[in-house]
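**Student:**
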Amino acid sequence: MAVETSMNAQKTTAAAVRYATTPPEDISVTARKATNYETRHTAEKCNNSMGGYSCYCNHGYHLINETYCDDVNECLVDNGGCSHYCNNEVGTFSCSCISGYTLQNETECVDINECDVRNGGCEEICLNTPGSFYCACHKGFKLTEQTSCSDINECDHMNGGCNHRCNNTIGGHMCFCYHGYNLQNNTLCIDENECAENNGGCEHICHNIPGSYNCDCNQGYRLVDNVHCQGTYLDVVRVDADVAVASRQIDPAHQMFHE
């Protein structure tokens with residue numbers, strides 16, 4: 001006998017078997033008859049010919065036991081041409097894809113860009129990945145419940161890097177310095193030298209101290225209202241040539257003697 005078959009990537013063509021005798025009586029010429037096997041039935045068609053006969057099966061079946069047609073499992077060869085899953089069915093097969101992919105051209109699985117529809121449900125940033133996606137947040141925010149973004153209080157961690165005071169803002173934070181200090185590089189607090197400008201307003205001497213300053217006066221003067229200096233009365237002793245001693249007070253501001 002001679003067997004003629006052909007196959008492509010998806011379907012099996014009809015198979016024909018030629019016999020040197022007449023076909024058995026139980027073979028239906030046009031009708032399909034079920035047997036005890038789910039995937040097996042009698043040949044779809046048998047034709048008498050000179051010196052014998054030929055039996056045929058429809059696409060998706062192949063001849064066995066001379067007269068029966070059995071299902072071809074297309075998935076056994078190159079996964080049926082499917083990108084992901086090949087599902088064998090009686091007389092045919094179908095392809096399907098894993099989650100996150102969609103079927104194109106019956107066999108090809110293409111990634112679904114979930115971010116194209118309503119930003120993937122993400123509040124801020126949607127990032128597509130092969131077969132999936134994930135949400136992210138802008139700087140200063142953290143992801144909550146996989147899709148939402150909430151403000152990060154940077155001041156809760158190491159005072160936000162600030163030397164003195166940290167003030168949380170939506171999506172960020174700001175540093176502030178105590179009085180007498182200047183902010184540098186957005187985080188550092190450097191002492192302000194008040195004496196460097198206009199002597200701090202002091203009439204005589206200006207002393208810079210961390211975070212502040214104070215005024216002082218030259219010898220013979222006393223400080224008034226924290227910035228000005230006023231002359232003081234000093235006790236002096238004048239000795240006469242004749243050993244006569246007298247006590248005087250001198251006003252340094254006016255160089256006047258008082259008895």
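If you read the sequence shown in UniProt numbering, its first letter stands for residue 1, the second for the next number, and so on. In this text, a Cβ means the ideal position worked out from N, Cα and C, and glycines have one as well.
Quick check on DSSP: helix, strand or coil for MET158?
**Tutor:** Helix.
**Student:** What is the C-beta distance between THR102 and SER83, in whole angstroms, given that I count them as a contact (C-beta under 8 Å)?
**Tutor:** 11 Å between Cβ atoms; not a contact.
**Student:** Pull up the distance between the alpha-carbon of ASN48 and that of GLY60, whole angstroms please.
**Tutor:** Whole-angstrom Cα-Cα distance: 23 Å.
**Student:** Three-state secondary structure (DSSP) at ILE27?
**Tutor:** Because the pLDDT of ILE27 is 40, which lies under 50, any placement of that residue in the model is unreliable, and the question is left without a value.
**Student:** What does the Cβ neighbour count give for TYR68, buried or exposed, with the cut at 16 atoms within 10 Å?
**Tutor:** Answer is buried; the Cβ neighbour count reaches 16.
**Student:** Residue range of the beta strand (DSSP E) that MET174 falls in?
**Tutor:** From DSSP, the beta strand (DSSP E) with MET174 extends over 172 to 176.
**Student:** Below 8 Å, can you find three or more Cβ-Cβ pairs linking the stretch 208 to 224 to the stretch 170 to 187?
**Tutor:** With a cut-off of 8 Å, the stretch 170 to 187 and the stretch 208 to 224 count as touching, because enough Cβ pairs lie within range.
**Student:** Residues in the same chain with beta-carbon distance under 6 Å from CYS177, minus the five sequence neighbours each way, listed in chain order, please.
**Tutor:** So the list reads HIS164, LEU183 and CYS189, once near-sequence residues are dropped.
**Student:** In three-state DSSP terms, what is ARG32?
**Tutor:** Only weak support exists for where ARG32 lies, its pLDDT of 34 falling under 50; the value from the coordinates is given anyway. Coil, per DSSP.
**Student:** Per DSSP, what are the beta-bridge partners of HIS228 in this structure?
**Tutor:** Per DSSP, VAL224.
**Student:** When burial is assigned at 16 or more other CB atoms within 10 Å of the CB, is GLU74 buried or exposed?
**Tutor:** That one is buried.
**Student:** In chain order, what residues of the same chain have a beta carbon less than 7 Å from the beta carbon of HIS173, not counting five sequence neighbours either side?
**Tutor:** Closer than 7 Å at the Cβ level, and outside the excluded window around HIS173, lie GLU154, CYS155, GLY160, CYS166 and ASN167.
**Student:** Can you give the Cα-Cα distance for ASN198 and GLN219, rounded to whole angstroms?
**Tutor:** Between ASN198 and GLN219, the C-alpha separation is close to 21 Å.
**Student:** Per the DSSP calculation, THR168 is bridged to which residue(s)?
**Tutor:** Per the sequence presented here, residue 168 reads as Asn, with Thr not at that position. The partner list for ASN168 (beta bridge, DSSP) reads HIS173.
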